[in-house]
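S.K.:
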Amino acid sequence: MGIGECSRLIWWFATMLPTLTLLFDSHLENPIMTSLFRSLLAALILLPASALFAQQVAIDQLDPEMAVAKKTVDGLDWYDVTQWGVEGRILPDQEREQWFDRFPASAKGEVTSNVWSLSRDSAGMMVRFKTDASEIHVHYKLKKSRLAMAHMPATGVSGVDLYARDEAGNWRWVQVTRPSSQEMKVKIVGDLAKGMREYAAYLPLYNGVEFMSIGVKPGSHFEGLAPRPKPIVFYGTSITHGACASRPGMVHTAILGRRMDMPVVNLGFSGNGRMDKEVGDYLTQIDAAAFVIDCLPNMGPADVTAKCIPLIKQLRAAHPSTPIILVEDRRNTNDWILPARQAHHTKNHAALKAAHASLVADGVTGLHYITGDTLYGDDSEGATDGSHASDLGFMRQAMQFEPILRGALGEGR
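Read in order, the letters of the sequence shown correspond to residues 1 to 413 in UniProt numbering.
Written out as structure tokens, the structure is:
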């Protein structure tokens with residue numbers, strides 16, 4: 001019996017019950033028979049209602065948008081994040097070698113082997129959910145045994161970084177895991193203030209993820225939130241990839257996502273962000289709000305001259321009105337005392353400016369430009385090792401990217 005038929009049957013019995021009862025009461029003097037008749041009517045009303053409820057339960061079980069399955073283990077309800085999806089994972093309908101890879105399997109053999117290997121890292125991925133739980137647990141397994149780097153802690157390389165919206169709707173930091181092994185099953189935070197709220201968990205930057213589940217106490221409400229459409233897409237180098245943030249949520253791409261309340265895609269490839277056409281082939285398939293091309297730290301002036309214009313024209317052909325933002329490389333924070341490094345940045349900037357001017361002269365519209373001289377600030381304190389951003393450097397970058405992005409998106413919408 002369908003939902004519509006059940007509803008109509010319930011309505012008919014509810015409407016006719018008083019009339020039928022009076023009719024039979026007037027003809028049935030035996031109170032026992034009258035009682036039996038009323039019981040029969042009640043059963044007839046409850047039958048379609050039960051059928052309706054049973055069908056609704058079946059729909060809940062079949063439609064992952066209406067219910068998220070849980071698995072209770074060790075006194076906790078565990079929810080596999082792949083059931084509702086993560087942000088930052090492009091082309092989700094395409095086959096992957098592993099679920100948390102940034103590129104689909106078709107990219108293997110198309111992009112360079114280095115880019116493919118780096119694309120197995122979960123940089124930029126973020127899972128959202130709502131819960132009223134008093135504590136939140138996470139269970140995940142990492143692909144690589146190397147949990148940290150000499151200039152970047154395990155919390156950034158391999159950690160899961162948790163944020164939540166406060167009462168004003170602003171994103172605030174909550175806690176980060178402290179990885180000590182490839183498989184982590186830990187309480188990330190406890191003794192939470194009462195109330196339902198939205199959370200966002202950022203995945204590791206320089207490690208990959210094999211599986212990930214969120215755990216809460218039984219009886220807690222839990223709702224997985226599907227990825228939002230129209231992300232800002234960043235294509236870049238190790239800096240975009242996340243070096244050397246202390247936590248995954250401190251990369252400028254993540255900061256901008258929170259400040260602008262938009263999804264982001266992080267296609268940073270450490271040492272290998274080089275404006276490759278083959279990467280462009282995948283960029284063109286993304287329904288993006290904007291494209292940010294930030295590859296100069298891995299390029300020289302000749303490369304910029306040869307590759308920038310073709311990549312931008314490739315993007316513009318596929319997306320005629322989507323804003324495209326070109327970003328100069330940051331000056332190393334010690335280039336004030338390294339003349340050769342200073343000259344390299346100056347020549348790189350000149351090459352990108354020339355490419356931008358040529359594109360504009362050719363009639364390419366919707367282009368925007370971010371200069372690099374002070375992306376890390378002007379006090380030499382914005383980087384961990386001169387080249388890669390510290391948390392301070394990432395925040396400074398985000399503050400300079402934001403007005404350009406807001407202006408570009410206002411134009412593109």
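By construction, the Cβ of each residue, glycine as well, lies at the ideal position given by its N, Cα and C atoms. Here the structure is a predicted model, which is why all the values come from computation and not from measurement.
#1: Use the C-beta contact count for R172: other C-beta atoms within 10 angstroms, 16 or more gives buried, fewer gives exposed.
#2: Using 9 Å as the threshold, is the C-beta distance between V189 and E223 below it?
#3: Excluding sequence positions up to five away, which residues of its chain have a Cβ less than 6 Å from the Cβ of I286?
#4: Could you give the distance in angstroms between the alpha-carbon of G363 and the alpha-carbon of D261?
#5: Which same chain residues end up closer than 6 Å to E110 when comparing Cβ atoms and leaving out the 5 residues on each side of it in sequence?
#6: Quick check: does the Cβ of S321 come within less than 8 Å of any heavy atom belonging to the ligand PLP?
#7: Based on the DSSP secondary-structure assignment, which residues constitute the bridge partners of D294?
#8: Figure out for me which residue from T240, A254, G75 has the closest Cα to the Cα of L162.
#9: Please report the distance separating the alpha-carbon of L41 from that of D77.
#10: With a CB to CB cut of under 6 Å and the five nearest residues on each side skipped, what residues in its chain are close to residue 420?
#11: How far does the alpha helix (DSSP H) with D303 in it extend, from its first residue to its last?
#12: Based on the DSSP secondary-structure assignment, which residues constitute the bridge partners of A200?
#13: Which of helix, strand or coil does DSSP assign to H139?
#14: List the residues that DSSP assigns as beta-bridge partners of L225.
#15: Taking Cβ positions only, does L256 come closer than 9 Å to chain C?
#16: Flag this pair as yes or no: are the beta carbons of S158 and P92 separated by less than 9 Å?
#17: Which residue from H319, G249, D191, T237 puts its Cα closest to that of L118?
#18: Per DSSP, what kind of secondary structure is G268 in: helix, strand or coil?
#19: With distance defined between alpha-carbon atoms, name the residue in F401, R128, P297, L409 nearest to V160.
#20: Which term fits M196, buried or exposed, when burial requires 16 or more other beta carbons within 10 angstroms of its beta carbon?
#21: Leaving out the 5 sequence neighbours to the left and right, which residues in its chain are closer than 7 Å to A355 when beta-carbon positions are compared?
#22: Just to confirm before moving on: does the CB-CB distance between S122 and N207 stay below 9 Å?
#23: Per DSSP, which residues does K347 bridge with? Please list them.
#24: Would you report the Cα separation of P339 and K353, rounded to the nearest angstrom?
#25: Does the beta-carbon of I293 have 16 or more other beta-carbons within 10 angstroms, so that it is buried, or is it exposed?
#26: Output yes or no for whether 9 Å exceeds the beta carbon distance between residue 414 and P301.
#27: Pull up the distance between the alpha-carbon of D335 and that of Y376, whole angstroms please.
#28: So, for P248: in the same chain, excluding its five sequence neighbours on each side, which residues have a beta-carbon less than 6 Å away from its beta-carbon?
#29: Since H368 is in the beta strand (DSSP E), which residue starts that stretch and which ends it?
#30: Could you check which residue in H221, G215, D276 has the C-alpha nearest to that of K194?
#31: Run through DSSP, which three-state label would Y282 get?
#32: Anyone know if the C-beta pair for Q94 and R120 falls short of 9 Å?
#33: Need the endpoints of the alpha helix (DSSP H) that W116 sits in, please.
#34: For R274, does the count of other Cβ atoms within 10 angstroms reach 16, so buried, or fall short, so exposed?
#35: Once DSSP output is grouped into helix, strand and coil, what is the label at I404?
M.R.: Here's the rundown:
#1: exposed
#2: no
#3: I90, V233
#4: 32 Å
#5: E278
#6: With respect to small molecules bound, the structure shown includes none, and the ligand PLP cannot be examined in it.
#7: G236
#8: A254
#9: With a pLDDT of 45 at L41, under the threshold of 50, the modelled position of that residue is not reliable, and the figure given next carries that caveat. The alpha-carbon atoms of L41 and D77 are separated by roughly 41 Å.
#10: In the structure as shown, the chain starts at 1 and stops at 413, and residue 420 therefore has no counterpart that could be examined.
#11: 301-318
#12: R128, Y163
#13: strand
#14: R128
#15: Absent from the structure is chain C; it holds one protein chain and no more.
#16: no
#17: T237
#18: strand
#19: R128
#20: exposed
#21: V304, T305, C308, I309
#22: yes
#23: DSSP lists no partner for K347.
#24: 21 Å
#25: buried
#26: Any answer about residue 414 is impossible in this case: the structure gives the chain only from 1 up to 413.
#27: 12 Å
#28: D161, Y202, L205
#29: 367-370
#30: H221
#31: helix
#32: no
#33: 113-118
#34: buried
#35: helix
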